[in-house]
Each structure stands twice: as C-alpha cells, then as structure tokens.
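Chains as they are written, first to last, in our numbering: chain S, 2 to 347; chain Y, 2 to 347.
Note that the Cβ used here is the ideal one computed from N, Cα and C, for glycine as well.
2 protein chains.
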Amino acid sequence: MTQPQTKAKRASITITDVAHAAGVSKSTVSLVLQGSPLIAPETAERVRQSVVALGYVYNRRAADLRRKSSNVVGIVINDLGNPFFAEMLVGMERRLFDAGYISLMAHTDERLDVQKRVLTSMQEYHAAGLILCPAFDTPAGLLERTHHAGIPLVIVVREPAAGSYDFVGANHESGTFEATRHLIGQGHRRIAFLGRIGGGPVYEQRRTGYERAMMENGIAAVPEWIIDIPPTREGGREGIRQVLAMPLRPTAAVCYNDIVAFGTLGELGEHGLVVGRDFAITGFDGVAATAHSNPPLTTIDVRPGEQGAVAADMLLKRLADPAAPPRRHILEPRLVVRQSSGPPSA
Amino acid sequence: MTQPQTKAKRASITITDVAHAAGVSKSTVSLVLQGSPLIAPETAERVRQSVVALGYVYNRRAADLRRKSSNVVGIVINDLGNPFFAEMLVGMERRLFDAGYISLMAHTDERLDVQKRVLTSMQEYHAAGLILCPAFDTPAGLLERTHHAGIPLVIVVREPAAGSYDFVGANHESGTFEATRHLIGQGHRRIAFLGRIGGGPVYEQRRTGYERAMMENGIAAVPEWIIDIPPTREGGREGIRQVLAMPLRPTAAVCYNDIVAFGTLGELGEHGLVVGRDFAITGFDGVAATAHSNPPLTTIDVRPGEQGAVAADMLLKRLADPAAPPRRHILEPRLVVRQSSGPPSA
DNA sequence: TTGAGAAATTGGAACGTTCCAATTCAGATA
DNA sequence: TATCTGAATTGGAACGTTCCAATTTCTCAA
Chain S
2 MTQPQTKAKR
12 ASITITDVAH
22 AAGVSKSTVS
32 LVLQGSPLIA
42 PETAERVRQS
52 VVALGYVYNR
62 RAADLRRKSS
72 NVVGIVINDL
82 GNPFFAEMLV
92 GMERRLFDAG
102 YISLMAHTDE
112 RLDVQKRVLT
122 SMQEYHAAGL
132 ILCPAFDTPA
142 GLLERTHHAG
152 IPLVIVVREP
162 AAGSYDFVGA
172 NHESGTFEAT
182 RHLIGQGHRR
192 IAFLGRIGGG
202 PVYEQRRTGY
212 ERAMMENGIA
222 AVPEWIIDIP
232 PTREGGREGI
242 RQVLAMPLRP
252 TAAVCYNDIV
262 AFGTLGELGE
272 HGLVVGRDFA
282 ITGFDGVAAT
292 AHSNPPLTTI
302 DVRPGEQGAV
312 AADMLLKRLA
322 DPAAPPRRHI
332 LEPRLVVRQS
342 SGPPSA
Chain Y
2 MTQPQTKAKR
12 ASITITDVAH
22 AAGVSKSTVS
32 LVLQGSPLIA
42 PETAERVRQS
52 VVALGYVYNR
62 RAADLRRKSS
72 NVVGIVINDL
82 GNPFFAEMLV
92 GMERRLFDAG
102 YISLMAHTDE
112 RLDVQKRVLT
122 SMQEYHAAGL
132 ILCPAFDTPA
142 GLLERTHHAG
152 IPLVIVVREP
162 AAGSYDFVGA
172 NHESGTFEAT
182 RHLIGQGHRR
192 IAFLGRIGGG
202 PVYEQRRTGY
212 ERAMMENGIA
222 AVPEWIIDIP
232 PTREGGREGI
242 RQVLAMPLRP
252 TAAVCYNDIV
262 AFGTLGELGE
272 HGLVVGRDFA
282 ITGFDGVAAT
292 AHSNPPLTTI
302 DVRPGEQGAV
312 AADMLLKRLA
322 DPAAPPRRHI
332 LEPRLVVRQS
342 SGPPSA
C-alpha cells in the first residue's frame, strides 16, 4: 500500500470528450471502439475521426474495472541471468502478446521475500493468470494461496512436491542418462558429474540419470566423481578444477546445465586442455550459445523457448477453461552431439 | 480493442465487504489500508482482522483509476536473446521493483510493428513511465507521439537522432578505440573489424573508434578488413571465416559486441586456432559470460546491469519531476583484458 | 397517412476505490 | 446545563469505462 504515486499531469481525454466532439453519446463511442455492428457506418467513421483528432487513448484500466476482466498476465522468473530462463521468457512473452495479453514481468533472483511480494503485487493488479518459475524452497503454502485466490497458475521448470498444478518441465533424468550414455559410448569410463547436491528435485533427477547410466553400463560409481558446486559458470570452473586434481582423473564430465558447462570450457582451456580431445564435456538445456562456444557444446536440448511457449499456451487454455483438470507437459530431451564430447585421448 | 477477455469467476471481495464485517464504513477501511493516523488503533486492528478473515485483496486497478496514478512502468526491449539486454533488463527491473513499481515487459525482437502495438498497449494500461530500447529504424514520430502523450520516456542504448529525450547509453567510439589500441599495443598491425555496416549510429560509432585508433597509430586502414555481418554469434563465425580466407590474413579482430566475439571463438576453435595465441579477439559489452568463455574474452565493459539501473533511476527522477530538463548519461567504457587478446604469433 | 417493426442511439447504473465535506462523539470549559 | 473543541468516522461523488433497458429515428407496407 505504501507505494509512490504519480499524478497524471494533463487531464486526460475520455470517451465523453470524443462523444461531444462527434456529437454522439458516450455509449455510441464505446460501441464504435468495440467495433459493434450496431452503429451506422457513417456515425462510426465520424467517431473515429474525433478519436484521432483529439488524440484519445483508450483507458483499458477503466474498461477492465467495469468489465471485471484483464489482459495482463504475470510472469515470475527466478534467474534471468541464466540464458535458459531468458530464452524461456522470450518464448512466453511472444506467445502471450500474440494472443492479446501483455506481460507483467518480475525477477525474483531466487529470493523468497521478493517472490512473495511480487505475487501479491500481481494479484493486486488483477493479472488474469500467472506463469511462475518458483524460487528454491518455495513453500507449498504460497502456491496454494495464490491458486486458491482463484488466479490461474502455470508452474514451470520446478515441479511442486504437493498439490496439482498446471506444469511444464522436462524429463531431467532421461536427459542426463542420455548424456552419460553418449559419453560411455564414446569410450569414457571415468565420468564426473558437476552439480549441486541436495538442491531440490531437478538436481536429484539429473544426478540420478547420470548414476543410472553408469550403473546400467556396469561402471562402478565413485562418489568422489559427483562434485557439489553452485549451478553457475563460476561453479563449473571450480568443479572442473577439483576433477583435474584427482589422482585418477576422469576423462569426461556431465554438467548440470549449460552455463556450468561453459564455465568448464573456460577453465579447461586455461589449463591448456582441448575440450573434445583431451577432455569431454556435456551440458544440459540447449541454450542458443551452445552452438557457438569453443568448442561447440554437446548438450541435452530441452528447448527453453519452446517450454516457454508451451507454458503460455497452457495458461491460455486454463484461462479459457478454468475448470479443466490440471495439465502436465514434460518435454523429452534431445541429445545434441557437438565437438565437446569426443572420445578419450589414448 | 479486439482482445480476449477473462471473466473473474468468483465475485471478488471488496472494501465494502470488509467494512461490513468490521462494522465500519468503507471510508474507514480505505483509511486503514493506507495507514492513516486518523483511525483509532483498535478500529484499525479490527479492520485488519476482517481483511485477513475474508482474504481480501486490494484492487489496485480501481484505486489507480480513482486516484489517476500508476505504479506500473513499461520496459520495451528489442533483443532479449542477447545477454547484454537480458542483463540490462535485470538491472532495471530490480531497481524499479525496489522503488515500488512493477514492470510491464515486452520484447519487440526488432520488429517495428510489434514495437508500435506494444507502446500503445502500454499507454492504454496507463504506465506511469516507459523505458524503451528502440528497434532499428524506429521512426522519430513514434517516439514523439508517446512523448507528447505526456508519458515519461527514457531511451536506452540507441539514441534517437532528433528530439531531446532522457537517454542512457555508452561511449561506443572510445570503447572500440581502446580495444583497437590495446591490440595495436600487443603488436598487431593487421586488425579486422566485424560488425554491421550502415546499421545505425551505434554501429558507426564503434567502427569509427576502430578506424580512428588505426589511423592515429599510423596504420593504413584496409577497407577489406571491415567485414559486414549481422551482430549475432552466427555472424561472428561468418565474419571470421572471411578473415581467415584473406591472402594477407589479419592477426586480430575487433568485434562489434560480445556475442559476435563468442561466435568467432567457436569458429576459430574449429579451425584449430587457439585464440589469444594464434589470433586475437576483443568483444564489446562486458556481459557476464565473457569472464568464462574459452578463452576468457577481452572486452569493452559498458556494464549492462548498471546501465539498466541508471535508466531506471532516470525514469524515477523524471517521474518525480516531469518538468526537469532532459538528462543524458553516457557510461565510459572500461577495457577488460583477458586471455583472448594476446600478441601476434611470430 | 399511419403504424409496426427494425435499426440506431442513448441515459444511467455499476465496477472498487479515494477523498472531500459533513457528521458524530467525547470530554472539557463556561 | 449548554457550548465548544478536536478526534474519529462516514456518506457520496468521482475516476472512465461497459452494458442493459429504454428511447428515438427510419423504412416500408397497408
């Protein structure tokens, strides 16, 4: 409630002003603006001329208030610094805008207090619906509350443990499974995994995929190969440094995501190692930059832009039919092989 | 006007309902919500209890209508696929949110028609102000119109040729000048420039900086060294391929921006060249990823996040004082030397 | 010329707030 | 007891739209 306010300086031109200018009633103007067929063409034309003559701009807030509708949707993103989320955001925004909606966007930066304030703010603005990528450790109560407030909610990427929500995400386990299997197929046997330990379901699933692939190929999992690092470029550097320091050094690493992988590329290069020849790396996400890194990165493509578009579609469907049962869309990852994952050097 | 509408299903709880429940008038409730000192503490407490008991949520749209105010600001970005803009967006959003504003965000993808629709849409929603990074070839008229509509406007990155607007950007010419001089200082003489030709002021300025540095150091500028490519990773690849095909091959390249530079890193790597040893590259922007590429990229840091924050501050100031003369903030670029720009190989 | 029916237009209440002016209520003073 | 004061509370108009019901205007057949 304690918010800055800004007075609109000039008294704004309303539908009534247009009505006067055109010599009709405000009801007529309203109908013209809505393109109603009830109005005689000449009258409509006259009104339209007055609109441009006066420089009238439609007040959607007033209309929405009366109509109890909204063309605003909220998008809440936890980490825009990661291109994965930026690409997803682009996918969402595009789809929503094309469908006639406009996006209230907020970035939580993984901070729960910010996320909470953002969500109430979006409710106060009567967002028609919400797409949320929850911050870590988002309490189930928060989701429930906004859900029960009656505002359609689509969750992306991080699936809540409890409750049934519309959700779009990817099959993380099969993703890292494929990546690991690919490396094994290339001849690698000592393969590290770089990611956060105990950082929530997405982490667990990706690690599990790695472990399962190792196991199913008869490779004894060495616990030290699983490196606990933050999911950042810096984390990737740090993780690969640990790997390089091992006495019986792994020859490949499966990275939690693409930016971790990018970090390893930088670090390995600085150690004079050619990735793809001296060491193999795989990423996860399929962000655009993977195609142009040095070397281009083998990754698990879960099409961030497409995920965003799918989430937007899901929200649109939900808005059209609020009573429909919750939907769940899980993208199947695709292994994209590039130069970063060559066979081990002799 | 032709937009989807979504009826709010449940009759929403209003200030009047709260008033009934608390046994006071709606005026009293309103005053309590605003934290007015006029209301007796016990009354206020009673009202607050009713608020939570009923699950009342403040209707900011109605309030804004009555009050003719707005806490919404519009942010219009032309290319979110470029991390430069994503980082800038993060800087803006953070600052605005902390100041009590919420951001309507739209992505134009350099499309003028989209940009136009977006801007009117934001006016219809009565955004208190706008931060705009104009798409290429944005007609001056468009800016003027929204400006004259009385809505405070801050332009970022691409300065309009005509009119005086609040603006924040960077000194492009001195940026590429520094980058080029650095390469010359490293011993390079044949230096290419990779960027778009005739793509607007930013391009011209960056190219001019390169040309001036060459000239001032007595190096005859060879026109073929200036390569016309789109400002993308793919463009970087293409450009560097042209460079490598030259008979008397340059030993270094100044890139229009960081993502072009990233493209060259990928391509040069595929040609078996070690950047920093066999070829030198500089970027421009200073996006976060430059610190972790392979090799880490020497770049001209214009602090995208800071630019965003400065733009947000400028808008806040403009909102506080709409009549103040237009401000202009030009960030001075900083050369950040990393491994990608070593001396030429013997 | 009239009247019926269709077509076009309009008045006014409503949406959920804010805020001004007015009212009520205690307690203090004369 | 009557009056005054200041504090606390309240009624109702207003913000700019939509939309229902009602009214006006037009057209054409009888």
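When 9 Å is used as the limit between beta carbons, P326(Y) is near no residue of chain S, the shortest such separation being about 16 Å. Taking a contact to require three or more Cβ pairs closer than 8 Å, the stretch 215-222 of chain S and the stretch 247-261 of chain S do not qualify as touching.
DSSP places V157(S) within a strand segment (E or B) once states are collapsed to three. Taking a Cβ-Cβ threshold of 8 Å, none of the residues of chain Y is close to P38(S); the smallest such distance is about 13 Å. Excluding sequence positions up to five before and after I185(S), its CB lies within less than 6 Å of the CB of N218, all in the same chain and listed in chain order. Chain order gives no chain S residues near I132(Y), where near means a beta carbon separation below 9 Å; the closest approach is about 13 Å. 8 Å or more divides the Cβ of N60(S) from the Cβ of Y102(S). Residue range T300 to D302 is occupied by the beta strand (DSSP E) that includes T300(Y).
Within chain S, the residues whose beta carbon sits less than 9 Å from that of P84(Y) are G82, P84, A87 and A290, listed in sequence order. For the stretch 41-70 of chain Y, the residues whose beta carbon sits under 8 Å from a beta carbon of chain S are, in order, G56, V58, Y59, N60, R61, R62, A63, D65, L66, R68, K69 and S70. Considering only beta carbons, the part of the stretch 97-122 of chain Y lying closer than 9 Å to chain S consists of F98, A100, G101, Y102, I103, S104, L105, M106, A107, H108, D110, V115, R118, V119, T121 and S122, in chain order. Neighbours of G264(S) in chain Y, taken as residues whose beta carbon is under 8 Å from its own, are H293 in chain order. The beta carbon of M123(Y) is closer than 7 Å to those of G75, L105 and L131 in its chain, skipping five residues each way along the sequence. Of the residues assessed, I78(S) falls on the buried side of the cut-off, its CB having 16 or more other CB atoms within 10 angstroms. Using a CB distance cut-off of 8 Å, G270(Y) counts as an interface residue toward chain S. Taking C-beta separations shorter than 7 Å and ignoring five residues to either side along the sequence, the partners of H189(S) in its chain run T252, A253, A281 and P345, following chain order.
Secondary structure note for G237(Y): its alpha helix (DSSP H) is the uninterrupted segment R234 to L245. Using a 10 angstroms sphere on the CB of S341(S), the tally of other CB atoms reaches 16 or more, which defines it as buried. Per DSSP, reduced to three states, the secondary structure at F285(Y) is coil, with no helix or strand assignment. Taking C-beta atoms as the reference points, R197(Y) and H108(S) fail to come closer than 8 Å. Taking CB atoms only, P344(S) has no neighbour in chain Y less than 8 Å away. Collapsing the DSSP output to three states places G176(S) in a helix.
Residue state for R146(S) is assigned as helix, using DSSP reduced to three classes. Look at the stretch 84-119 of chain Y and you find these whole runs of beta strand (DSSP E), each 3 residues long or longer: 103-108. In the DSSP assignment, D18(Y) falls within the alpha helix (DSSP H) that extends over I16 to A23.
With fewer than three CB-CB distances shorter than 8 Å, the stretch 45-56 of chain Y does not count as touching the stretch 268-276 of chain Y. Along the stretch 159-229 of chain S, the beta strand (DSSP E) occurs as fully enclosed runs of 3 or more residues at 167-171, 192-196 and 227-229, listed in sequence order. Its chain contains V74, S104 and A313 as the residues whose beta carbon lies nearer than 7 Å to that of L97(S), once the 5 sequence neighbours on both sides are disregarded; these appear in chain order.
Selection V33(Y), R62(Y) and L39(Y) evaluated against V48(Y) yields V33(Y) as nearest (Cα-Cα). Straight-line spacing of the CA atoms in A162(S) and A136(S) works out to 13 Å. For T139(S), the closest alpha carbon among the candidates G201(S), A63(S), E333(S) and A41(S) is that of G201(S). Interface criterion not met: the Cβ of R335(Y) is under 8 Å from no Cβ in chain S.
Closest option to A193(Y), judged by alpha-carbon separation, among V203(Y), T177(Y) and G199(Y): T177(Y). Membership of G264(Y) in any beta strand (DSSP E) is not indicated; the residue belongs instead to the alpha helix (DSSP H) covering D259 to E271. For A253(Y), the secondary structure class from DSSP, reduced to helix, strand or coil, is strand. According to the DSSP secondary-structure assignment, R329(S) is paired through a beta bridge with F168(S).
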